[in-house]
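A quick write-up on the structure given underneath.
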Amino acid sequence: MRHFPHITRACALAIGLLVTGELVVRIGFSSSVDGRFDYGYHPTAGFREDKSGILRLMRTGGRRFFEQQFPLSKPQHTRRIMVLGDSVPRGRSVESSYAGQLKVLLEDQGIKSEVWNLAVPGYGARRIQIVLRQALQYNPDLVVLHLNNSNEFEDERERQRGLEFAGMHPKNWLMKSFLLRRLYEARTEQLSWKLLPEVVRARDGARDADTEILAGMNSETQKTWEKRVRDTTLTDLELCRAHNVPVILVTQALRVQDSVGHYTIQDAGLAGFADSVTNGHVLHVPMDKAVESLDPAMAFADTSHLREPGHVAMARAIHQVLDQGGFLRVRPATTH
Amino acid sequence: MTFVSWPYPFFLAAAVLSYWKLPLRGRLWLLMISSYAFYAAWDARFLALLSASTALDYFCGLALAGERRPAWHVALASSLPALWLGICSRMTAPLSPWLTIQPIDSWVIGIASLLPVVFTVAYLLCWKFAKAQRQKAFLLLSIGSNLIVLGFFKYAHFFGESLDALLKSMGWGTSLQLGSVVLPIAISFYTFQSISYAVDIYRGKGHPARDYVLFASYLAFFPQLIAGPIERVGRFLPQFETARVWRPEHLHHGLRLLFTGVFKKVVVADPCALVANHVFDPASAIDGPWALLGAIAFAFQIYGDFSGYTDMARGSARLLGIELSTNFQFPYQARGPSEFWQRWHQTLSSWFRDYVYIPLGGNRHGRWNEIRNLWITMGLAGLWHGASWNFILWGLYHAALLTLYRVFRPLSTLESSQGGFRASMAVGLMLCWTLLGWVLFRCTSLPALSHWVQAAGHWSLPATVGILRPAGWVALHVLPLLLLQAATRGRNDESDTDHWPWPVRGISYALATLAIVASASQDQEFIYFQF
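Protein sequence lines, in the order shown, are assigned to chains A and B. Mind the numbering: the first sequence is residues 1 to 336 in the numbering used here, read in order. Mind the numbering: the second sequence is residues 337 to 867 in the numbering used here, read in order.
Rendered as structure tokens:
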């Protein structure tokens, strides 16, 4: 200090600012921090029970559920339906998603229901299973599993990140700071993704988010992903069967543009698998069939995400399958 | 282990803490061992080459000053490379995650085993000459050996391939069987430092190291071993000979330089590399705006990369109480090519000036001789960067620029203009020339250059609008550097921020730290390591 007061003061100020920033975030935004570092592999999967008997859905694995809260105990004569999946079933809001639309259809029919939208963007089969394990503790009457094979890379990447960042290796020391880690992630996901074309990011491949683009171009990798979805889904079905919960499998469809610019809707590759596991307990709603009556440009917002008419069509298709399957005639299970 | 990899701070901290606890002799041993360990982390086999160069130049340096050592000393020191290769060949398992030894062919060990005999005989033979001839003989032995090593590892394959292509084009139909040669990292830098060592002692501009460990530390000093700055004996060696005294300024300047260097590399160079790598790939579909953006991105990539490296090298050395030369001084503010070369890679420019250009005659003996000397010097400077025609072309392009500015009076007047609009115009014009030069430098093949040139001619409004986002990316990463340069203008050093008020400096450090963390990616190689 005596020898070079200016540099010492400046360094102290810099360190003080960074430490203060970290403390402010940790204390002031604790709910935002919670679950952020678990990368989807936290056992509670973002379910938080209040002492007042309310269950709140929070952030999980750096991603958020839509803000929802439900009583821990299921109300009498109410059907509890849980929709699990990625950004496609999540939709733009709970109300506009096919989960929300299904609730409207059920209530129009005089059926009291709670529909939980448990879909989280970017979630693949393994992270969905973690949510499912948690969800099954809250006595669902029906689980709607939305199957997609495009999120397996992110699942694996997040698992690796979770393992790495949890370790004490010096290269991860800085990542123990919430402030620094958020910046590190935001730069890739906000700046890089928005400013650089995919072809430039794919070339680099060093940034983990961009490696996905490269991996997705490999047909062998695609096959591995599909196998993982199938294997994990089989385990999901066993879990649901063990809890005596019927399941509806929704299989993803894609909007594809041909060489002359016309759109068609194609199954993403999991419908065959879903058909093969269908039985009295497991029903299948293929998305391509559910929205086939719609103009693809109207049904889809992009290659995979649905617009509101698409969500409505999906809800109707699910409702129809439920009706045909006799689910709507069965009295809901009693509360614990 | 690069300066921006996670082990380096630990390595440096251990070296610095131990260094200041030791007496002079212990410090030299520490520097030698840590420098060799640092080098071995890249490729342990090539320590043999470094130790051969050390042995040769140590005894040649002493001989140039008239000091003779017993022949067995020479034989012993020059047998170290073979000994090391023998040890390496027996190590099958990796010594650590960072030290993996590649297999070594037995013929390589055979050649290394001949070195003690060849060098000892040559050493004894040189002593047979009278004093004046003897000095020349030792100078020749030192320069020749270094150039042979450099030529073999760096240029033999290139010239072999070129000769092969020439023979084929003449219809001789022969095909030379060219094996691949691995380029040892840092070879261009330490051989040039070795050559300058011998020449400076010959010219009486410095005295030789009388201690072997002292000389080994001097030649292999880890902060500047891999990519310079290329130091001179007169300025650099005395810093090793006397025990440096700890002063708080060492910590102050050292950390400041390290911080600035990391900032330039991580925040400026690596993100710009993303765009430059895309543009200069012949397989990429690009148009005029992309071509221009790629050239700009590469200009800042190479500057951030190399000047950042130099800052980190200087910072690391400063923590050990040793001052390295500056290598960059706002090169993109040059008003002409002469000034550019006074500001860009200064230690290499001055090396070529002192050991090639001036011995060739410099600007004496008329304009035409001066221009000839310029073209030879710049051609060699280009070739120094790599065994590839694009580097030679880049060197010759700068020779053409230097010639143009000397011959064409309006340009030479423009270069010497002081301040005002004319000076700004001169800077702008030189920046354009420099960008064009970087395109030649970056395009590694003729198809790549042709791809860039063709793309540069295609401009359209949608393409120009479409480039705005990627241009925003480049601007986002370049602007902090430009701000730093503006705020340190008039100083010798971009890291010299002492004149800022301390609160401004504190906030800047905090913001720069956040920017570094946000920009961090996987380890990206430094461009100049390949040279």
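Every residue, glycine too, gets a C-beta built ideally from N, C-alpha and C. Remember, predicted model here, so these are calculated numbers, not experimental data.
The Cβ of A:Arg-157 sits no closer than 8 Å to any Cβ of chain B. Using beta-carbon distances, A:Val-199 counts as an interface residue toward chain B, with a partner under 8 Å.
Contact note: B:Pro-839 reaches chain A through Arg-9, Ala-10 and Leu-13, using a C-beta cutoff of 9 Å and chain order. Annotation for A:Ala-119: no alpha helix (DSSP H) segment contains it, though the beta strand (DSSP E) segment containing it runs 113 to 119. A straight-line Cα-Cα distance of about 17 Å links B:Met-337 and B:Val-352. The DSSP-derived three-state label of A:His-146 is strand. Counting the other Cβ atoms within 10 Å of the Cβ of A:Lys-112 gives fewer than 16, which makes it exposed.
When secondary structure is reduced to three states using DSSP, A:Val-247 falls in the strand class. The C-alpha of A:Pro-309 lies about 29 Å from the C-alpha of A:Glu-198. Using a Cβ-Cβ cut-off of 8 Å, A:Leu-163 does not count as an interface residue toward chain B, since no Cβ of chain B sits closer than that to its own.
By the rule that beta-carbons nearer than 8 Å mark a contact, A:Arg-187 touches chain B. At a Cβ-Cβ threshold of 8 Å, B:Ala-563 and B:Ala-612 do not count as neighbours. Contact note: B:Pro-806 reaches chain A through Leu-195, Leu-196, Pro-197 and Val-200, using a C-beta cutoff of 9 Å and chain order. In the three-state reduction of the DSSP assignment, A:Arg-48 falls in the strand class.
Interface residue (Cβ-Cβ distance to chain B less than 8 Å): A:Leu-18 is classified as such. The C-alpha of A:His-146 lies about 13 Å from the C-alpha of A:Arg-127.
Here the alpha carbon of B:His-721 sits roughly 11 Å from the alpha carbon of B:Leu-729. Apart from the 5 residues on each side of it in sequence, B:Leu-629 sits with its Cβ closer than 8 Å to the Cβ of Val-611, Val-615, Ile-803, Pro-806, Ala-807 and Val-810 in its chain, given in chain order.
With a cut-off of 8 Å on Cβ pairs, the stretch 448 to 457 of chain B is not in contact with the stretch 359 to 375 of chain B, counting fewer than three such pairs. For A:Leu-84, the beta-bridge partners assigned by DSSP are A:Leu-118 and A:Leu-145. A:Thr-221 and B:Ile-622 have their alpha carbons spaced roughly 29 Å apart. Note that the C-beta distance between A:Ser-96 and A:Phe-66 is not below 8 Å. With contacts defined by Cβ atoms closer than 8 Å, A:Gln-266 and A:Asp-295 do not form a contacting pair. Per DSSP, A:Val-131 lies in no beta strand (DSSP E); the unbroken alpha helix (DSSP H) holding it starts and ends at 125 to 135.
Taking a Cβ-Cβ threshold of 8 Å, the residues of chain A close to B:Val-853 are Leu-174, Leu-180, Leu-183 and Tyr-184, in chain order. For A:Pro-71, the three-state secondary structure derived from DSSP is strand. Boundaries of the alpha helix (DSSP H) harbouring B:Ile-843: 838 to 855, taken from the DSSP string. Contact between B:Ala-762 and B:Ser-748 is absent: CB atoms are separated by about 10 Å, not below the 8 Å threshold.
Taking the Cα positions, B:Pro-345 is about 25 Å away from B:Phe-636. Bounds of the alpha helix (DSSP H) holding B:Gln-682 are 682 to 688.
Under the DSSP assignment, A:Asp-267 falls in the beta strand (DSSP E) whose first and last residues are 263 to 267. When 9 Å is used as the limit between beta carbons, B:Ile-843 is near these residues of chain A: Ala-10, Leu-13, Ala-14 and Leu-17, in chain order. For B:Trp-342, the nearest CB of chain A lies under 8 Å from its own CB, placing it at the interface with that chain. Membership of A:Val-94 in any alpha helix (DSSP H) is not indicated, and neither H nor E is assigned to it by DSSP. Take the alpha-carbon of A:Leu-105 and the one of A:Leu-142: they are about 15 Å apart.
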